[in-house]
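A.B. asks: In the UniProt record's numbering, the protein residues as written are 1 to 739. We put the beta carbon where it would ideally sit given N, CA and C, even for glycine. Small disclaimer: the values here were computed from a predicted structure and weren't measured. Sharing a structure below in structure tokens format, with a few things to ask.
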């Protein structure tokens, strides 16, 4: 082609008629155009990261003729660079500057070749991991090693998973595979990533099994049931159900001295225990002392005796096996001869037990009881006697004490007897004298037996003297049995009647025989058994006097014989003029009011019973008021009651005297018993005074002899009302004595 255009030369024309021509042969032009030549680079490939160097021969030339040849070519491709990314593949391979022979004859077309960049191998291997059973393992995506990265390419994170990462992944499944995927980073498109697997080891969790501390009492056999433990570290629903537990302390005869014993555990059973590294701690087994109670035997002795312990007077409760208590130190304050009954029971204390095996016991020393029993002491009151009506006062020394010990003494005894009261009747004699409340030193140490003494009440003297009687000759005098004076009566005792007889009572008894003796017999009344009764005849100049009849009077005229207060005249009197039924009724009504007032006042006095002095003072005032009221109507009172106010005042005076004596005696009293006796005496004296007054007042009934029966009844009722009112005071005093 390079010689083109070539000349075309003609000659030797042949044809017809050519001779006719002067043939000039011009030259033509002959162009040789380049033949088409296509050079195509060979397709190439390489792995990412490799540098590809063309040597210029990596092509195919299509269209060469003859011996023309392409010997080399300039080849280039962006994919040839080492860092040509896979993502740009296939890269074009371009050719140029072909060299060779005869290439000028060609119109060269450079095709492009293809340059593939294959991904480089990248292996991502998860880091091996380990965790303890029960832990939740969380991957953060960086736990790996990437092998094969080039240039500045990087794997920044990875999705990592493993069944072993779960908290409850068991040790038995270990090692678990760790798988990677979804790597992220820069330039990773240039790699064929191979994900290796890592290993995740689940190591056993620590599990500590600690036997429960145990204790037992010496002598007991302890049997483990395998559940006496605490498991620390169990997870999820894992459980230790039982354990083999042993301890030398479990034996019945394991001694206290060896305590505490170790409790060892082994061979745990349960669920999920393969997930644990089990540590068996030791428990502590305490053998506590068995209770041993040593109780001294109760003892007793009589006050005054010395008691000696020999050290064997006890009972030991709780000994085991062949252990024994052989002796003991025993003491008691009650063992001394002079240990008092008051301190009894004394404690018997024990200490310092000796024997075998006693170190295995917690010894409790109970106390025994040491009774000091009272020694017998007999107190016998001295026999006494008194006369009825006398108040006998014991001074507390009238006794004999038998059985006293050491320096103990009886200095006084509360002595009492129903016979000591002034009004104790003879019929009850002899009265027992009873003792109580012995006072002295050391008497609490005795069982006191109070014997009884005798108190004889001898009859009081009572003299009954018939009243002097006067009658007129020719009258028949009939005794009604009340014509007498009784001297010596006490309290409420009364002589109500007497059998009286006299030769002068006959209607025809002559005046010349006067005065006639009046004989008395068969006294009747209340309380007369308390007296030695002397039935006196009338006085020498008395008796029954028969007087001659007189013109002025033909009825017997009693001769008044007015005695000194408080005794009213005992002889018959006549009803005074002007005393009729109406006046007597008014008088009775007035007396009824006075009597009611006295009873109310006496009741009110009972509020002061706790204070005998105030009580008697109150009664004295009430009696004085009653006497004043009777004085105010003295002229309206029935015959024989002229001195009734004085009789009441006499009772009041005697009551005041009893009160004064009591106050004087109380000032020197030293015991409650003495004070009680003094108050009782005062009440009895007041009661006797009131009783005497009531008896004297009742004598006035014999004077109520009005010829009018209605008037006599009113007069009798008046006397009875006054006497009953005074009696009511006596009754209250009697009750006060009883209290």
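Ignore the nearest five residues each way along the sequence and tell me which others in residue 385's own chain have a CB closer than 8 Å to its CB.
C.D. replies: The count along the chain shown starts at 1 and reaches residue 385 at position 385. Beyond the five residues adjoining it in sequence on each side, residue 385 comes within less than 8 Å, by CB distance, of 455, 456, 457, 458 in the same chain, given in chain order.
A.B. asks: Is it the case that the Cβ atoms of residue 334 and residue 371 are separated by a distance below 9 Å?
C.D. replies: For the purposes of this step, residue 334 is taken as residue 334 along the chain shown, with counting starting at 1. For the purposes of this step, residue 371 is taken as residue 371 along the chain shown, with counting starting at 1. Yes, they are a contact pair.
A.B. asks: Since residue 460 and residue 530 should fall inside the 8 Å C-beta cutoff, what is the C-beta to C-beta distance between them, to a whole number of angstroms?
C.D. replies: Along the chain shown, one-based indexing puts residue 460 at 460. Along the chain shown, one-based indexing puts residue 530 at 530. Rounded, the Cβ-Cβ distance is 6 Å, consistent with contact.
A.B. asks: Rounded to the nearest angstrom, what separates residue 214 and residue 256 at their Cα positions?
C.D. replies: Along the chain shown, one-based indexing puts residue 214 at 214. Along the chain shown, one-based indexing puts residue 256 at 256. Cα to Cα, the separation comes out at about 13 Å.
A.B. asks: Output the boundary residues of the alpha helix (DSSP H) element that contains residue 616.
C.D. replies: Here residue 616 is taken as the residue at index 616 of the chain shown, counted from 1. Unbroken alpha helix (DSSP H) run through residue 616: 612 to 632.
A.B. asks: In or out: residue 709 buried (at least 16 other Cβ within 10 Å) or exposed?
C.D. replies: Within the chain shown, numbered from 1, the residue matching residue 709 stands at position 709. Exposed, since its Cβ has fewer than 16 Cβ neighbours within 10 Å.
A.B. asks: Could you compute how far the alpha carbon of residue 687 sits from the alpha carbon of residue 730?
C.D. replies: Counting from 1 along the chain shown, the entry for residue 687 is found at position 687. Counting from 1 along the chain shown, the entry for residue 730 is found at position 730. Approximately 5 Å between the Cα atoms of the pair.
A.B. asks: Give the single residue among 216, 50, 12 whose Cα lies nearest to the Cα of residue 24.
C.D. replies: As a working mapping, residue 24 is identified with position 24 in the chain shown. Comparing Cα positions, the closest option is 12.
A.B. asks: Which of the three DSSP states is assigned to residue 124 in this structure?
C.D. replies: Here residue 124 refers to the residue found at position 124 when the chain shown is read from its first residue. The three-state secondary structure of residue 124, taken from DSSP, is strand.
A.B. asks: To the nearest angstrom, how far is it from the Cα of residue 674 to the Cα of residue 414?
C.D. replies: Residue mapping note: residue 674 aligns to position 674 of the chain shown, counting from 1. Residue mapping note: residue 414 aligns to position 414 of the chain shown, counting from 1. The straight-line gap from Cα to Cα measures roughly 8 Å.
A.B. asks: Report yes if the CB atom of residue 348 is closer than 9 Å to the CB atom of residue 298, and no otherwise.
C.D. replies: Numbered from 1 along the chain shown, position 348 holds the residue referred to as residue 348. Numbered from 1 along the chain shown, position 298 holds the residue referred to as residue 298. Yes, they are a contact pair.
A.B. asks: State yes or no: is the beta carbon of residue 223 nearer than 9 Å to at least one beta carbon in chain D?
C.D. replies: Of the protein chains in this structure there is only one, and it is not chain D.
A.B. asks: Based on the DSSP output, what are the partners of residue 113 in its beta bridges?
C.D. replies: Sequence index remark: in the chain shown, residue 113 carries index 113 (1-based). Paired residues: 93.
A.B. asks: Am I right that residue 619 and residue 605 are in contact with their C-beta atoms under 8 Å? What's the rounded C-beta distance?
C.D. replies: As a working note, residue 619 is residue 619 in the chain shown. As a working note, residue 605 is residue 605 in the chain shown. Going by Cβ atoms, the distance from residue 619 to residue 605 rounds to 5 Å, so yes, they are a contact pair.
A.B. asks: To the nearest angstrom, how far is the alpha carbon of residue 261 from that of residue 281?
C.D. replies: Numbered from its first residue, the chain shown carries residue 261 at position 261. Numbered from its first residue, the chain shown carries residue 281 at position 281. Going by the C-alpha atoms only, they are around 13 Å apart.
A.B. asks: To the nearest angstrom, how far is the alpha carbon of residue 160 from that of residue 146?
C.D. replies: Against the chain shown, residue 160 aligns to sequence position 160. Against the chain shown, residue 146 aligns to sequence position 146. Pairing residue 160 with residue 146, the inter-Cα distance amounts to about 13 Å.
A.B. asks: Counting only runs that start and end within the UniProt domain "MBG" (462 to 536), where is the beta strand (DSSP E) found for 3 or more residues in a row?
C.D. replies: Qualifying beta strand (DSSP E) stretches, in chain order: 469 to 472, 484 to 487, 494 to 502, 518 to 526, 531 to 535.
A.B. asks: Does the region 353 to 364 touch the region 287 to 301, meaning 3 or more C-beta pairs lie closer than 8 Å?
C.D. replies: Yes, the region 287 to 301 touches the region 353 to 364.
A.B. asks: In the DSSP assignment, what are the bridge partners of residue 376?
C.D. replies: Translated into the one-based positions of the chain shown, residue 376 becomes position 376. Paired residue(s): 447.
A.B. asks: Please report the residue range of the alpha helix (DSSP H) in which residue 584 lies.
C.D. replies: For the purposes of this step, residue 584 is taken as residue 584 along the chain shown, with counting starting at 1. Counting along the chain, the alpha helix (DSSP H) containing residue 584 begins and ends at 581 to 605.
A.B. asks: Closer than 6 Å by C-beta to residue 394: which residues in its own chain qualify, once you throw out the five before and the five after it? Chain order, please.
C.D. replies: As a first step, residue 394 is located in the chain shown; it is residue number 394 there, counting from the start. Within the same chain, residue 394 has close Cβ partners 415.
A.B. asks: So within the region 635 to 665, which uninterrupted beta strand (DSSP E) runs reach at least 3 residues, ignoring any that extend past its ends?
C.D. replies: none
A.B. asks: Just curious, the alpha helix (DSSP H) that residue 22 is in, first and last residue?
C.D. replies: Start at 1 with the first residue of the chain shown, and residue 22 comes out as number 22. Residue 22 -> no alpha helix (DSSP H), and no H or E assigned at all.
A.B. asks: Using 8 Å as the threshold, is the region 101 to 120 in touch with the region 39 to 47, meaning 3 or more CB pairs across them?
C.D. replies: Two segments are said to touch when three or more pairs of C-beta atoms, one from each, lie closer than 8 Å; by this definition the region 101 to 120 touches the region 39 to 47.
A.B. asks: Along the chain, where does the beta strand (DSSP E) containing residue 325 start, and where does it finish?
C.D. replies: Stepping through the chain shown from its first residue, residue 325 is reached at position 325. Here the beta strand (DSSP E) through residue 325 covers 324 to 332.
A.B. asks: Where does residue 693 land, buried or exposed, given buried means 16+ other C-beta within 10 angstroms?
C.D. replies: In the chain shown, the residue the question calls residue 693 occupies position 693. By the neighbour-count rule (16 or more Cβ atoms within 10 Å), residue 693 is buried.
A.B. asks: According to the neighbour-count rule (16 or more other Cβ atoms, all chains shown, within 10 Å of its Cβ), is residue 697 buried or exposed?
C.D. replies: The residue labelled residue 697 in the question sits at position 697 within the chain shown. The C-beta of residue 697 has 16 or more other C-beta atoms within 10 Å across all chains shown, which makes the residue buried.
A.B. asks: On the criterion of 16 or more Cβ atoms from any shown chain inside 10 Å, does residue 229 qualify as buried, or is it exposed?
C.D. replies: Here residue 229 refers to the residue found at position 229 of the chain shown. Residue environment analysis places residue 229 among the buried positions, since at least 16 neighbouring C-beta atoms fall within 10 angstroms of its C-beta.
A.B. asks: Measuring straight from C-alpha to C-alpha, what distance separates residue 773 and residue 245?
C.D. replies: Outside the shown range of the chain (1 to 739) lies residue 773, about which nothing can therefore be said.
A.B. asks: Just grab the DSSP bridge partners of residue 230 for me.
C.D. replies: Indexing the chain shown from 1 puts residue 230 at position 230. Its beta-bridge partners are 210.
A.B. asks: What does a CB cutoff of less than 7 Å around residue 396 pick up in its chain, not counting 5 residues either side in sequence?
C.D. replies: Taking the first residue of the chain shown as 1, we reach residue 396 at position 396. 412, 413, 414, 415.
A.B. asks: Please report the distance separating the alpha-carbon of residue 153 from that of residue 81.
C.D. replies: Residue mapping note: residue 153 aligns to position 153 of the chain shown, counting from 1. Residue mapping note: residue 81 aligns to position 81 of the chain shown, counting from 1. Between residue 153 and residue 81, the C-alpha separation is close to 16 Å.
A.B. asks: From residue 195 to residue 79, what distance separates their C-alpha atoms?
C.D. replies: Here residue 195 refers to the residue found at position 195 of the chain shown. Here residue 79 refers to the residue found at position 79 of the chain shown. Cα to Cα, the separation comes out at about 27 Å.
A.B. asks: So, residue 309 versus residue 332, is the Cβ gap smaller than 9 Å?
C.D. replies: The residue given as residue 309 occupies position 309 in the chain shown. The residue given as residue 332 occupies position 332 in the chain shown. Result yes, Cβ atoms of residue 309 and residue 332 sit closer than 9 Å.
A.B. asks: Taking C-alpha atoms, which residue in 511, 640, 520 lies nearest to residue 499?
C.D. replies: As a first step, residue 499 must be located in the chain shown, where it is residue number 499. For residue 499, the nearest C-alpha among the options comes from 520.
A.B. asks: Locate the alpha helix (DSSP H) running through residue 691, then write down its first and last residues.
C.D. replies: Reading the chain shown from its first residue, position 691 is the one you call residue 691. Its alpha helix (DSSP H) spans residues 672 to 698.
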